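If you read the sequences in order, they're chains R and E. If you use my numbering, the first sequence corresponds to residues 1 to 235, in order. If you use my numbering, the second sequence corresponds to residues 236 to 649, in order. A virtual CB, placed ideally from N, CA and C, is assigned to each residue, including glycine. Computed from a prediction, not measured in an experiment: that's the story for all the values here. Data block below; observations after.
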Amino acid sequence: MALLEMQGVKKIYEQGKIEVPALRGIDLTVEQGEFTTVFGPSGSGKTTLLNMIGCLDKPTAGRIVFDGQELGELDKKGLAMLRRHHVGFIFQSYNLIPVLTAYENVEFALRLLNRYDQKEVKARVLRILAAVGLAGLEDRRPNELSGGQKQRVAIARALVKEPKLVLADEPSANLDSKTSEEVLQVMLKMNQELGTTFIFSTHDPLVMKYAHRLIEIRDGLIAKDQRREQDAVLN
Amino acid sequence: MLFLTRLAFKNLARHKNRTLITSIIIAFAIFFYILMDSLVGGMTEMSYSTLINYEIGHLQVADRQYWAEEEKLKLENLFTVDEQMMKSIQSIPGYIGSSPELAFSARLNNGSDELPVIGKGVRLEDFQTVFALADQFVEGSFFTPGEEQAVLGKRLAELMELEVGDYLILVVKDKNETFNTIEAQISGLAHTSNPNVNQNIVYLPLDLAQQTLNVGEQVSKVVIRMEKAHTASRVAAELEKKLSAGGDARLGVYPWNELEAVSFVEAQKIENQVILAIILSIAAIAIINTVILAALERREEIGMMKAMGLRNSEVVYVFVLESTGIGVLGGIIGVLMGVGGVWLMNTYGIDFERLYGMDLASFGMPVIGKVYGVWNPFSFAKVVAFGIIVSFISSVFPAYWAADKDPVQTIYHR
């Protein structure tokens, strides 16, 4: 079943009187449970594509359907609710809330769902923090964590609510290879057990190694879309 | 919502300096208001008390036409106080005393200089049931009934170089517009907290004034003193009805709080409300400034919160709660400062004469000597509530401005 369908999606940014096309007409279908990597040179439109998929930005033209819902029909509030319940974001710059501890930053995502009681929230948060290797660092604030640790908190925050889709912009940029591997294993486990769809924007060969599907973007268009067999991955 | 509330309070603690500085601005605004309100309250109470005790009493009975031009002190539309009228007056609830009075324009002459003054013919035994002048003599005493004597303010006496025992001459025009003079020996000099009494009024026996002015038994007004000042308006209306029923329909009864001298004090209170509005506007600007700075500084954070699915209203909630928290903190600090300030003002008072070399009477306020503040808990509550509401309202628009930011632009610094 398709989680995401994009048809003729264009995005043009206006910089003064100059129009800068970021996406020139993207047609893309992403199935539920895919583990996909989008790659391409800087300025090719990867981040813009992720923002469109994550309902953070609206296309200039074309249509996007997420989980059967036409995004163009949703207002700001509707898009916010969709992001809250179904999309997890991992940004390269972490974007953690400085006044909250690692635990609270992760807890925040769950609290917004208003779905679990206190006990369940605590169990889930501690479990995901342990899974990304942050057990024992729950009470630290972002300014007391290293870059890699902050990135892991951001990853935990995106994963804790078990969304249908996780969008990750250079998730391994600040992680050493060992931690990257561990974190990717957590994501892969979620992908396999819960059917969570992952879309990465990255140049990291390690992340690309894990991907079932590699999409190359060039000049705002899909230049290559390569699927790999599950068994081929990691070999 | 609870989590967002916690987040808002954590943000307040995170920016301690900003929170404290903005709170202190609000606290000072609240502190100044409380202090001003207490001072104005004290001055107002003193002014009312001064006016009532030395000049206007609680109620004044006068002919309506006379009242319309009272300040001209014409010898027209006067009236005679008969027994039935006195019965009506004495039957009002909380009656203490009443004093018939004949007011007239005069020129005070000391033999070489002349000064316009207000002459007041009063009956001593009645006058003392209404006014507290007897306690305020600095030299001499009240005139003796039946004698051609006068009492005046110490300041007026100094101005005219007159002393107790001297003779003064009042040049007057009687009812027939004929010039006449009253020669009287000064029996006493008074100094009250009412500048009008001190500088402008000469008291004489009523019969002497009536005889000189050729008005027979007539008076300009009857001033009444009651037990409870706050019932004056109601009692005035009741008495007016009674007098009208008794055949004195032309007479009006005027409570102290509707008199011109009191309106002047009220006008000064309004002036202070304007100052309050200015002070709290400064607090509002501080809040707006704080929210905008916070929003600019936390652009990425706002973007991330929106990416996580926070609605604009939820982001607004966080910012507004932070500002309201600043308002509450400012309110608490302001009240604590205010309590200290009012306590000091109540204990030690403010001596304007010592501070500025001029007492408040020089500015037309009927207050002399130290001014003491009054405790007004309602005013404390009002200004704190107002400070919090100002903090809340002034943060709403900048918070919406912050919340409406495009998440992509804020996250990627575009």
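Indicate the three-state DSSP secondary structure (helix, strand or coil) for R:ASP27 in the structure shown. In the three-state scheme derived from DSSP, where H, G and I count as helix and E and B as strand, R:ASP27 is classed as strand.
Chain-order list of residues whose beta-carbon lies under 7 Å from that of E:GLU396 (same chain, five-residue window excluded): ASN345.
Whose C-beta lies closer than 6 Å to the C-beta of R:GLU162 among residues of the same chain, with five residues either side of it excluded? So the qualifying residues of the chain are LEU194.
In the stretch 18-42 of chain R, which residues sit with their C-beta less than 7 Å from some C-beta in chain E, listed in chain order? Among the residues of the stretch 18-42 of chain R, none has a Cβ less than 7 Å away from any Cβ of chain E.
What are the boundary residues of the alpha helix (DSSP H) that includes E:VAL470? For E:VAL470, the enclosing alpha helix (DSSP H) stretches over residues 467-480.
Of the choices E:ASN433, E:ALA303 and E:VAL577, whose alpha-carbon is the least far from that of E:GLY276? If we check each option's Cα against that of E:GLY276, E:VAL577 comes out closest.
Does the stretch 376-387 of chain E come within contact of the stretch 309-323 of chain E, defined as at least 3 CB pairs closer than 8 Å? No, the stretch 376-387 of chain E is not in contact with the stretch 309-323 of chain E.
Residues of the stretch 271-283 of chain E with a CB closer than 9 Å to any CB of chain R: list them in chain order, please. For the stretch 271-283 of chain E, the beta-carbon criterion of a distance under 9 Å to any beta-carbon of chain R is satisfied by none of its residues.
Pick out whichever of R:LEU221, R:VAL207, R:ARG228 and R:ARG227 has its Cα sitting closest to the Cα of R:GLN237. With chain R covering 1 to 235 only, the question about residue 237 of chain R has no answer from this structure.
In terms of residue numbering, what span does the alpha helix (DSSP H) encompassing E:TYR635 cover? Looking at the DSSP string, the run of the alpha helix (DSSP H) that includes E:TYR635 is 612-638.
Closer than 7 Å by beta-carbon distance: list the chain E residues that pair up with R:ASN143, in chain order. By Cβ distance, chain E contributes nothing, its closest Cβ being about 10 Å from R:ASN143, past 7 Å.
Whole-angstrom distance between R:HIS203 and R:LEU74, CA atom to CA atom: So the alpha carbons of these two residues sit roughly 33 Å apart.
Please check if any C-beta of chain E sits within less than 8 Å of the C-beta of R:ASP225. Not an interface residue.
Quick check on this structure: which residue in R:PHE39, R:GLN192 and R:ARG24 has the alpha carbon closest to the alpha carbon of R:LYS224? Measuring C-alpha to C-alpha distances from R:LYS224 to each of R:PHE39, R:GLN192 and R:ARG24 identifies R:PHE39 as the nearest.
With DSSP as the reference, identify every bridge partner of E:ASP298, one or two as the case may be. Beta-bridge analysis with DSSP links E:ASP298 to E:LEU486.
For a contact meaning CB atoms closer than 7 Å, what does E:LYS546 contact in chain R? Rather than Lys, the amino acid found at residue 546 of chain E in this sequence is Arg. Result: LYS77 and ALA80.
Within this structure, are the beta carbons of E:LEU403 and E:ALA419 separated by less than 8 Å? Result yes, Cβ atoms of E:LEU403 and E:ALA419 sit closer than 8 Å.
Does E:GLU557 get closer than 8 Å to chain R when you measure Cβ to Cβ? Using a CB distance cut-off of 8 Å, E:GLU557 does not count as an interface residue toward chain R.
Does the Cβ-Cβ distance between E:LEU448 and E:ASP409 come in under 8 Å? With respect to E:ASP409, E:LEU448 sits close: the two C-beta atoms are nearer than 8 Å.
Contact between the stretch 470-482 of chain E and the stretch 325-335 of chain E: three or more CB pairs below 8 Å? These segments touch.
Can you say whether E:MET236 is buried or exposed, counting buried as having 16 or more other CB atoms within 10 angstroms of its CB? With fewer than 16 other beta carbons inside 10 angstroms of its own, E:MET236 counts as exposed.
Would a check of beta-carbon distances place R:LEU112 closer than 8 Å to chain E? Taking Cβ atoms only, chain E reaches closer than 8 Å to R:LEU112, which makes this a yes.
Find the residues of chain E that neighbour R:ASN174, judging by a C-beta separation of less than 7 Å, and give them in chain order. Neighbours of R:ASN174 on chain E: none; closest Cβ ~16 Å, over 7 Å.
If you count every other CB in all the chains shown that lies within 10 Å of the CB of R:LYS11, and 16 or more means buried, which is it? So R:LYS11 counts as buried.
Pick helix, strand or coil for E:GLY573, following the three-state DSSP scheme. Here E:GLY573 sits in helix by DSSP.
Under the three-state DSSP convention, the category E:GLY566 falls into: In the structure shown, E:GLY566 sits in a helix (DSSP, three-state: H, G or I).
Would R:ALA168 pass as an interface residue toward chain E - the criterion being a Cβ-Cβ separation below 8 Å? False, the Cβ-Cβ gap to chain E never drops below 8 Å.
Residues within the stretch 44-57 of chain R neighbouring chain E, beta-carbon criterion of under 8 Å: When CB distances to chain E are screened at a threshold of 8 Å, the residues of the stretch 44-57 of chain R falling below it are THR47, ASN51, GLY54, LEU56 and ASP57, in chain order.
Can you confirm whether R:PRO98, when its beta carbon is compared against all beta carbons of chain E, has any partner nearer than 8 Å? Yes - at least one Cβ of chain E is within 8 Å of the one on R:PRO98.
Starting from E:ALA530, find everything on chain R with Cβ-Cβ shorter than 8 Å and list it in chain order. Ordered by position in chain R, no residue passes the 8 Å Cβ test against E:ALA530, which lies about 15 Å from the chain.
Range covered by the beta strand (DSSP E) that runs through E:LEU343: Note, E:LEU343: beta strand (DSSP E), 330-344.
Considering only the beta carbon of each residue, do R:ALA109 and R:LEU145 sit closer than 8 Å? Contact flag unset, no.
Quick check: is the beta carbon of E:VAL526 nearer than 8 Å to any beta carbon in chain R? No, because no Cβ of chain R sits closer than 8 Å to the Cβ of E:VAL526.
Three-state secondary structure (DSSP) at E:THR364? When secondary structure is reduced to three states using DSSP, E:THR364 falls in the helix class.
Look up R:TYR94 in the DSSP assignment and give the residues it is bridged to. Bridge partners of R:TYR94 according to DSSP: none are assigned.
I'd like to know whether the C-beta atoms of E:LEU247 and E:GLU557 end up nearer to each other than 8 Å. Closer than 8 Å, so yes.
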